[in-house]
Amino acid sequence: MDKNTFSLDGKTILVTGASSGIGKSIAIACSNFGAIVLLLGRNINRLEQSMSLLNGKGHSYYSIDLNKSEDVLNLCNDLPKIDGVVHSAGIVESQLFSFLKEDSLRTILDTNLIAPVMLSKHLIKKKKINKESSIVFISSISGPAITYIGNSSYAASKSAICGIAKTMALELAPKKIRVNTILPAMIETELIDSIDSSSEDIELDKKNYPLGGYGSPEDVASTVIFLLSPASKWMTGTDIKLDGGLTLR
Amino acid sequence: MEDFINNFAEQIDETERNEFSKDTKFKDLDEWDSMIALSIIAMMDEEYEITINGDDIKNANTIEDLYKLVNA
């Protein structure tokens, strides 16, 4: 084994949610490891900004709302063949269960579950995903492992992703396409601002992490690189916990 | 018939399209397994709006046998 085991040289990797936060870090890391990156996001200006941070040549971006199925189908027709997909687009909305609104539950499921699943389905059906590719879903510790107050919709969407990922892993194994998920705990991104916690609460919460504080987007990106690279070629249907030791307590 | 063979071949990656004909005994293909059988059932539903089941697959030997179900 040499360092090429962890290389993405010559691979084309599609990253959703690439205009900000974890997705942006993942896109940058993929380019650093030699991949041609296709960035998906909604905001063109921020996509361009992400693009400007990538290493190497040949990258491109597509501004798209992944909840619009017709746009997704058109995009899938336009895309080149790819060797990896990273589903990083997602939203958070905090709502106590007794105040849960059906609309917000559906909105979260649409964006966090239906959109990434249907994008994957169309890419597979249109034979855009090469053999021996890797599909990575950014799930969450919240849902599959633990949860937070007010997080029911989000937790539901992330647990559901893990269930679907295992089924995909089983059905796509004959094509040597691998499907895994990453379960991060709190990561320092702009999404944290959308959680109804005071900054004191957040500082207090960081003390729950044995490795000290929240993770960084780069922590998620390095696990993604592992899952996209040949280093993980015998790993499929796995949920990788990435939580700074949070759930050990 | 050609269209049906195309759709059938589409479900089986490793075998080239030109190796399929109406007389192909599909269960003898190296790749044939239960999941491909499910793909064929789903393909017939999606493309031809025909509902078949595992027994139909079991009773069929050639691609033409399946095609006959579409026009039954």
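Residue numbers (this note's numbering), protein chains in the order written: chain V, 6 to 254; chain Y, 3 to 74.
For glycine and all other residues, C-beta sits at the position ideal for the given N, C-alpha and C.
- For the region 13 to 91 of chain V, the continuous alpha helix (DSSP H) assignments of 4+ residues that do not extend past its boundaries occur at 26 to 37, 49 to 57 and 74 to 83, in sequence order.
- By the Cβ rule, the region 240 to 251 of chain V counts as touching the region 164 to 178 of chain V, because three or more pairs are nearer than 8 Å.
- Listed in chain order, the alpha helix (DSSP H) runs fully inside the region 161 to 185 of chain V amount to none, counting runs of at least 4 residues.
- Within chain V, no C-beta atom comes less than 8 Å from the C-beta of Met45 of chain Y; the nearest is roughly 11 Å away.
- Uninterrupted alpha helix (DSSP H) stretches at least 4 residues long and entirely within the region 190 to 227 of chain V occur at 204 to 211, given in chain order.
- Check the Cα spacing between Met37 of chain Y and each of Y:Thr53, Y:Asp15, Y:Glu49 and Y:Glu51: the tightest is with Y:Asp15.
- Straight-line spacing of the CA atoms in Ser74 of chain V and Val122 of chain V works out to 11 Å.
- Taking a Cβ-Cβ threshold of 8 Å, the residues of chain V close to Met37 of chain Y are Glu176 and Pro179, in chain order.
- Think of a sphere of 7 Å around the beta carbon of Asp15 of chain Y: the chain V residues whose beta carbon falls inside it are Lys180, in chain order.
- Within its own chain, the residues whose Cβ lies closer than 7 Å to the Cβ of Thr53 of chain Y, once the five positions on either side in sequence are excluded, are Asp47, listed in chain order.
- In the DSSP assignment, Glu4 of chain Y falls within the unbroken alpha helix (DSSP H) covering Glu4 to Glu12.
- Taken in chain order, the whole alpha helix (DSSP H) runs of length 4 or more contained in the region 10 to 37 of chain Y number zero.
- Under the DSSP assignment, Asn61 of chain Y falls outside any beta strand (DSSP E), being part of the alpha helix (DSSP H) whose first and last residues are Gly56 to Asn61.
- In the three-state reduction of the DSSP assignment, Ile151 of chain V falls in the strand class.
- Below 8 Å, too few C-beta pairs join the region 6 to 21 of chain Y and the region 213 to 229 of chain V to call them touching: fewer than three.
- The continuous alpha helix (DSSP H) containing Ile113 of chain V extends over residues Glu107 to Leu114.
- Two segments are said to touch when three or more pairs of C-beta atoms, one from each, lie closer than 8 Å; by this definition the region 155 to 166 of chain V touches the region 105 to 118 of chain V.
- Less than 7 Å separates the beta-carbon of Asn60 of chain V from that of Ser36 of chain V.
- One thing to note: Tyr69 of chain Y has its Cβ within 7 Å of the Cβ of Met3 of chain Y.
- For the pair Asn9 of chain Y and Gly56 of chain Y, the Cα-to-Cα distance works out to about 18 Å.
- Lys212 of chain V and Ile154 of chain V have their C-alpha atoms roughly 18 Å apart.
- Between the region 26 to 45 of chain V and the region 6 to 17 of chain V there are three or more C-beta pairs closer than 8 Å, enough to call the two in contact.
- Per DSSP, the beta-bridge partners of Thr64 of chain Y are Y:Lys27.
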